[in-house]
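**Student:** Please read through the structure below; I'll follow up with questions.
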Amino acid sequence: NNLGVMYMHERDYSRALVAFERAKKAGDFSRTPRFNLAHLYLGFGLYDKAIKEANTLYNSKSQDIDLLNVLATAHVMKGQYKQAQNYYKKIDTDYLEMDRFGINYALNEFYLGNKNKAHDLLSNVDKMTSAEWKEYYLSAKNFLGVRE
189 NNLGVMYMHE RDYSRALVAF ERAKKAGDFS RTPRFNLAHL YLGFGLYDKA
239 IKEANTLYNS KSQDIDLLNV LATAHVMKGQ YKQAQNYYKK IDTDYLEMDR
289 FGINYALNEF YLGNKNKAHD LLSNVDKMTS AEWKEYYLSA KNFLGVRE
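Per the numbering used here, the sequence shown starts with residue 189, numbered consecutively.
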């Protein structure tokens, strides 16, 4: 798993995939590599594979916000907005101010027809973690028609 994470940072995704798959087969500690594998699949638009890996880790009482976010984001990207909303509702609202949670949640609400809620959610996002997230935020803001 640690090798997979290292490969991810080096943007060597094919080796990361192999490392996570091998770590997952190791057994006892396969939870973390399985999550990392789901996240890797999500990043490449392999939403069904991401959901499959994440669902293996998920139970209805799960409070793992990162796992909930992977599942929600994958469902948004598949156009399954109601399913995504079920996962987003389980994430504490404090986290929704962070880019990696709030932007896609706002987009999901927009797709569900809740334009005002989407605008409010996106306006509340104030914790940008990288230039990529900032660019994505600005694109979402433009798409949703959010004005200052």
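All C-beta atoms, glycine included, are put in the ideal place defined by N, C-alpha and C.
Got a sec? Which residues, its chain only, sit under 7 angstroms from Lys-305 by beta carbon, not counting five neighbours each side?
**Tutor:** As a first step, residue 305 must be located in the sequence shown, where it is residue number 117. For Lys-305, where only same-chain residues beyond five positions count, the Cβ hits under 7 angstroms are Glu-297.
**Student:** Taking the C-alpha atoms as reference points, what is the distance between Phe-289 and Asn-257?
**Tutor:** Within the sequence shown, the letter at position 101 stands for residue 289. Within the sequence shown, the letter at position 69 stands for residue 257. Near 7 angstroms, if we compare the C-alpha coordinates of Asn-257 and Phe-289.
**Student:** Can you tell which of Leu-191, Ala-262 and Asp-200 has the C-alpha that lies nearest to the C-alpha of Ala-226?
**Tutor:** Here the question's residue 226 lines up with position 38 in the sequence shown. Looking at the Cα atoms, Ala-262 is the closest of the given residues.
**Student:** Which full runs of the alpha helix (DSSP H) of 4+ residues lie inside the region 236 to 302, going along the chain?
**Tutor:** Listed in chain order, the complete alpha helix (DSSP H) runs (minimum 4 residues) inside the region 236 to 302 are 253 to 265, 269 to 276 and 287 to 299.
**Student:** Buried or exposed: Phe-223, going by 16 or more other Cβ atoms within 10 Å of its Cβ?
**Tutor:** In the sequence shown, counting from the first residue as 1, residue 223 sits at position 35. That one is buried.
**Student:** With a cut-off of 8 angstroms on the beta carbons, I'd call Ala-149 and Leu-191 a contact; round off their distance for me.
**Tutor:** Coverage of the chain is limited to positions 189 through 336, which leaves residue 149 absent and any answer about it impossible.
**Student:** Using beta-carbon positions only, say whether Tyr-293 and Tyr-269 come within less than 8 angstroms of one another.
**Tutor:** For the purposes of this step, residue 293 is taken as residue 105 along the sequence shown, with counting starting at 1. For the purposes of this step, residue 269 is taken as residue 81 along the sequence shown, with counting starting at 1. Taking 8 angstroms as the Cβ cut-off, Tyr-293 and Tyr-269 do not qualify as a contacting pair.
**Student:** Does the separation of the CB atoms of Tyr-324 and Ile-291 fall below 8 angstroms?
**Tutor:** Translated into the one-based positions of the sequence shown, residue 324 becomes position 136. Translated into the one-based positions of the sequence shown, residue 291 becomes position 103. A contact, by the Cβ cut-off of 8 angstroms.
**Student:** How many whole angstroms separate the CB atoms of Leu-255 and Leu-245, which I take to be in contact at a CB cut-off of 8 angstroms?
**Tutor:** Taking the sequence shown and counting its residues from 1, the one referred to as residue 255 is at position 67. Taking the sequence shown and counting its residues from 1, the one referred to as residue 245 is at position 57. Between Leu-245 and Leu-255 the Cβ distance is about 6 angstroms, and since that is below 8 angstroms, they are a contact.
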